[in-house]
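Chains A and B supply the protein sequences, listed in that same order.
First residue of the first sequence: 1, per this note's numbering; consecutive thereafter.
First residue of the second sequence: 340, per this note's numbering; consecutive thereafter.
Glycine is no exception: its CB is placed at the ideal position from the N, C-alpha and C atoms.
Note that the coordinates shown come from a computational prediction; the quantities given were computed from them, not determined experimentally.
I have placed the structure first, in the form of structure tokens, so that the comments after it can refer back to it.
There are 2 protein chains.
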Amino acid sequence: MEPPGNKRRATSYDVARLAGVSQSAVSRCFKPGASVSKKMRKKVMEAAEALNYQPNAIARGLITRRSNLVAVLVSSQMNFYYPEVLFQLTDRLSELGLRVLLFTIRDEADVETSLDQVWQYQVDGVISASYLSVDQHRVLTDRGIPVIMFNRYFADVPTTSVWCDTAPAVSEMIRHLRDFGHQRFGLLEGPAHSMVGADRMRNVRRAIAEQGGTITASVRGDYRYASASEATQDIMGADVRPTAIIAANDMMAMGAMDELKAVFGKSVPGNMSVVGFDGINSARFASYELSTIRQPIGRMADAAISMLIDRVEKPELSPERRVLDGSFLQGTSTGPARV
Amino acid sequence: MEPPGNKRRATSYDVARLAGVSQSAVSRCFKPGASVSKKMRKKVMEAAEALNYQPNAIARGLITRRSNLVAVLVSSQMNFYYPEVLFQLTDRLSELGLRVLLFTIRDEADVETSLDQVWQYQVDGVISASYLSVDQHRVLTDRGIPVIMFNRYFADVPTTSVWCDTAPAVSEMIRHLRDFGHQRFGLLEGPAHSMVGADRMRNVRRAIAEQGGTITASVRGDYRYASASEATQDIMGADVRPTAIIAANDMMAMGAMDELKAVFGKSVPGNMSVVGFDGINSARFASYELSTIRQPIGRMADAAISMLIDRVEKPELSPERRVLDGSFLQGTSTGPARV
DNA sequence: GAGTTTTTTGACTTCGGATGCAAAATAGCT
DNA sequence: AGCTATTTTGCATCCGAAGTCAAAAAACTC
Chain A
1 MEPPGNKRRA TSYDVARLAG VSQSAVSRCF KPGASVSKKM RKKVMEAAEA LNYQPNAIAR
61 GLITRRSNLV AVLVSSQMNF YYPEVLFQLT DRLSELGLRV LLFTIRDEAD VETSLDQVWQ
121 YQVDGVISAS YLSVDQHRVL TDRGIPVIMF NRYFADVPTT SVWCDTAPAV SEMIRHLRDF
181 GHQRFGLLEG PAHSMVGADR MRNVRRAIAE QGGTITASVR GDYRYASASE ATQDIMGADV
241 RPTAIIAAND MMAMGAMDEL KAVFGKSVPG NMSVVGFDGI NSARFASYEL STIRQPIGRM
301 ADAAISMLID RVEKPELSPE RRVLDGSFLQ GTSTGPARV
Chain B
340 MEPPGNKRRA TSYDVARLAG VSQSAVSRCF KPGASVSKKM RKKVMEAAEA LNYQPNAIAR
400 GLITRRSNLV AVLVSSQMNF YYPEVLFQLT DRLSELGLRV LLFTIRDEAD VETSLDQVWQ
460 YQVDGVISAS YLSVDQHRVL TDRGIPVIMF NRYFADVPTT SVWCDTAPAV SEMIRHLRDF
520 GHQRFGLLEG PAHSMVGADR MRNVRRAIAE QGGTITASVR GDYRYASASE ATQDIMGADV
580 RPTAIIAAND MMAMGAMDEL KAVFGKSVPG NMSVVGFDGI NSARFASYEL STIRQPIGRM
640 ADAAISMLID RVEKPELSPE RRVLDGSFLQ GTSTGPARV
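Below, the structure is given as structure tokens:
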């Protein structure tokens with residue numbers, strides 16, 4: 001039974017002394033591609049073992065200028081999409097020996113303070129699945145910190161980003177609804193500033209224009225479940241009622257389904273159809289089984305990480321955008337139009 | 340337009356030179372309680388501003404032996420409880436100037452590698468909402484790293500932990516069910532090794548023993564939504580069918596509700612009642628409106644953090660357990676027993 | 001204004017590893 | 001063995017900020 005804790009943690013010098021070698025030797029033994037003889041490695045490793053030595057990542061980071069830290073920014077909004085993205089990113093980064101420094105963003109002000117921290121902690125890079133203004137983005141890149149935007153980008157500024165193209169899947173989705181006889185669509189859009197939402201709805205409008213059908217109402221929500229309630233009432237309260245509601249994300253689609261059932265006595269898909277975007281796990285609950293446009297989150301995470309690593313190693317790489325296609329996932333929230 | 344990036348980032352020396360003072364002076368200006376004259380502070384701050392200087396947290400951590408990093412361990416299991424805890428912890432830690440180093444744990448092996456990283460990154464402390472063995476816990480505390488267990492503790496080893504006592508709320512919940520005339524209960528338990536689940540079900544059994552009623556079946560799930568499907572079938576397939584199902588967490592309760600509706604044609608609460616534990620956000624969706632025993636996650640996070648900070652400042656503090664009471668939250672998943 | 005106390009300031013050392021370079025050790029070759 | 005080519009190893013210095021301590025400056029006293 002050792003006296004717990006108080007003893008200082010072992011340093012490379014301690015290991016060196018015990019092993020009877022120099023500190024540099026110890027350092028080399030813990031560096032992957034270094035030139036060390038077998039004997040040396042054995043001696044050092046034994047001493048390290050005995051002292052419970054592990055290199056100090058902080059000290060290492062100071063000299064190598066590589067912290068192996070990646071800042072991940074996610075919105076703390078109640079939208080289950082974010083945790084999924086976060087966990088996917090974290091799992092994968094861990095496997096590559098990179099640590100996640102997590103920043104949850106509630107509002108604009110949070111972003112500013114987070115960016116200061118990002119800078120102070122010498123992160124190797126940033127993956128942002130949260131809102132970031134062009135200026136904020138530039139502050140980071142100007143300072144030489146690679147930034148990858150997850151599922152967002154700037155229209156007018158080159159940005160390294162992963163993006164999910166929903167156009168083909170939306171087209172498929174509208175065809176699916178049209179085949180079911182739907183003609184009148186209510187749109188539950190995202191917030192005004194959301195480019196993801198704007199893009200999704202642009203695709204929806206285009207597909208409807210191409211394939212036929214009318215939009216009976218278009219209302220904004222804030223991507224959260226709760227916001228769908230009022231939005232659905234607005235949609236249903238319009239002059240003409242739709243037979244299908246298309247929501248800009250799954251959370252709102254779920255909210256819309258529940259509102260339709262609870263308040264309007266509609267069954268889904270019996271009387272109304274509902275579709276969403278994202279393909280989050282909770283949309284697969286049997287109570288919803290949402291027809292939705294699924295983002296390949298895992299593959300998007302891989303893409304983001306690989307672009308990030310490329311840029312950590314070669315900072316001069318120019319911005320790049322990787323686009324993955326979303327896919328239409330048919331659930332049971334869509335069925336024949338009941339007029 | 341500055342030449343982007345390539346320039347080295349400014350250090351305290353650069354600022355000192357520009358301001359015409361010593362490096363120590365710069366350092367002091369960035370330390371809260373230091374003695375600096377107004378003139379000096381002004382000069383330094385202007386220079387810092389001009390150079391876009393922010394102290395290097397890595398270098399600072401090296402000398403102060405305080406990284407201001409807190410490792411947060413959460414299970415990456417598909418259980419929405421974890422993201423909620425994580426986000427609560429992160430929001431609060433950020434406000435206190437502490438950064439979250441996130442570790443998602445898939446399995447035992449992940450824990451081991453994570454602990455190595457925790458050690459290497461000189462975190463100031465660890466908050467674990469994930470499985471941790473007694474040995475793993477001891478490795479950390481022996482090394483002098485404060486560990487706070489979130490919603491778990493060891494029966495036989497003193498542990499600093501936050502815990503939610505569900506006993507009174509469970510008693511209330513059973514009374515609620517008894518008042519509705521329920522006599523036969525099916526238990527959907529957690530995995531065998533889960534002490535949280537064991538504790539919850541112990542309280543349930545005790546309350547039933549005290550207030551009357553029989554347990555028709557007791558089946559284990561793994562806390563995930565999907566596991567409730569088979570478990571519910573087992574419960575419903577037993578010799579005697581219950582009128583209410585008590586699940587060890589909300590995810591499984593939701594799964595049970597859906598299984599009852601979809602496969603057994605039961606309505607909830609029309610034909611069967613279902614209750615859960617946790618009080619996660621998704622249990623509030625209108626499709627579920629689960630009656631559940633709610634954990635005060637926010638307050639638990641506060642408690643965990645305050646205990647952590649206490650121990651970072653005074654490592655010699657002995658283990659402490661803070662216990663908060665859960666509360667019974669009545670939803671619409673419970674109603675009169677229909678025999 | 002000289003003498004004393006208090007506050008500010010700067011020179012220097014420290015934290016714990018990584019690395020360039022030269023010395024030492026080993027291997028390779030005739 | 002003798003001598004060169006190649007590894008290994010250790011020394012010394014660096015990364016960037018913080019803290020110690022004594023010198024310098026400012027603030028008080030009488």
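Could you work out which residues of chain B lie near residue i, taking near to mean beta carbons separated by less than 7 Å?
i	result
A/GLY61	ILE397
A/SER76	PHE426, ASP430
A/ALA262	ALA625
Go to residue i, then tell me how far its alpha helix (DSSP H) extends in each direction, as first and last residue.
i	result
B/MET596	589 to 601
B/SER472	First-last for B/SER472: undefined, no H or E at that position.
A/ALA34	Taken as a continuous stretch (DSSP letters only), A/ALA34 belongs to no alpha helix (DSSP H), as it is neither H nor E.
B/VAL543	534 to 550
A/ARG17	12 to 19
A/ARG178	167 to 179
A/MET45	38 to 51
A/SER287	Here A/SER287 belongs to no alpha helix (DSSP H), and DSSP marks it neither H nor E.
B/ARG491	Note, B/ARG491: premise wrong, no alpha helix (DSSP H); not H, not E.
A/ILE297	297 to 313
Within 10 Å of its beta-carbon, does residue i have 16 or more other beta-carbons around it, so buried, or fewer, so exposed?
i	result
A/LEU260	buried
A/THR214	exposed
A/GLY97	exposed
B/GLN550	exposed
B/LEU647	buried
A/ARG8	exposed
B/LEU656	exposed
B/ASP538	buried
B/ASP589	buried
A/ALA228	buried
B/ILE466	buried
B/THR403	exposed
B/SER376	exposed
Can you list the residues of chain A that residue i reaches, using a CB-CB cut of under 8 Å?
i	result
B/ALA349	What B/ALA349 touches in chain A: nothing, since even the nearest Cβ is about 10 Å away.
B/THR443	PHE87, THR90, ASP91, SER94
B/GLU633	One point to set straight first is that residue 633 of chain B is Arg, not Glu, in the sequence displayed. Going along chain A, no residue has its Cβ under 8 Å from B/ARG633, so there is no contact; the nearest lies around 16 Å.
B/ASP597	PHE285, ALA286, SER287
Taking residue i and residue j to be in contact with their CB atoms under 8 Å, please state how far apart those CB atoms are, rounded to whole angstroms.
i	j	result
B/THR429	B/VAL439	5 Å
A/LEU115	A/VAL139	6 Å
B/TYR460	B/SER406	7 Å
B/SER500	B/ARG660	5 Å
B/ALA586	B/VAL613	7 Å
B/ALA570	B/VAL558	4 Å
B/MET379	B/ALA364	6 Å
A/PRO296	A/THR159	Not a contact, Cβ separation roughly 20 Å.
B/ALA398	B/VAL462	Not confirmed; about 17 Å, so no contact.
What residue range does the beta strand (DSSP E) around residue i cover?
i	result
B/PHE426	B/PHE426 -> not in any beta strand (DSSP E); alpha helix (DSSP H) instead, spanning 420 to 434.
A/ALA59	Run containing A/ALA59: none in the beta strand (DSSP E); it sits in the alpha helix (DSSP H), 57 to 64.
B/ARG660	660 to 664
B/VAL613	612 to 617
B/GLY525	523 to 528
B/SER557	553 to 559
A/ILE145	Note, A/ILE145: premise wrong, no beta strand (DSSP E); not H, not E.
Which bits of chain B does residue i rub up against, with CB to CB less than 9 Å?
i	result
A/ASP116	GLN393
A/TYR223	Here the premise fails: no neighbours, minimum Cβ distance about 14 Å.
A/PRO83	PHE419, TYR421, PRO422, GLU423, LEU425, PHE426
A/ASP239	Chain B residues near A/ASP239: none, gap ~26 Å exceeds 9 Å.
Strictly below 8 Å CB to CB, what residues from chain B border residue i?
i	result
A/GLN120	GLN393, PRO394, ASN395, ALA396
A/SER67	ILE397
Mind pulling the chain A residues with CB within less than 7 Å of residue i?
i	result
B/MET593	PHE285
B/ASN620	MET78
B/ARG438	LEU101, GLN117, TYR121
> Do the region 484 to 499 of chain B and the region 82 to 89 of chain A touch if we need at least three Cβ pairs shorter than 8 Å?
Replying inline: Too few Cβ pairs lie closer than 8 Å, so no.
>> With a threshold of 8 Å, are at least 3 pairs of Cβ atoms found where one atom belongs to the region 383 to 397 of chain B and the other to the region 441 to 448 of chain B?
In response: As far as the Cβ criterion goes, the region 383 to 397 of chain B does not touch the region 441 to 448 of chain B, which means the pair count is below three.
> Counting Cβ pairs, one atom from each stretch, are 3 or more of them under 8 Å apart for the region 301 to 315 of chain A and the region 259 to 275 of chain A?
Replying inline: No contact exists between the region 301 to 315 of chain A and the region 259 to 275 of chain A.
> Using 8 Å as the threshold, is the region 357 to 364 of chain B in touch with the region 324 to 336 of chain A, meaning 3 or more CB pairs across them?
Replying inline: Because the criterion of three Cβ pairs below 8 Å is not met, the region 357 to 364 of chain B and the region 324 to 336 of chain A do not touch.
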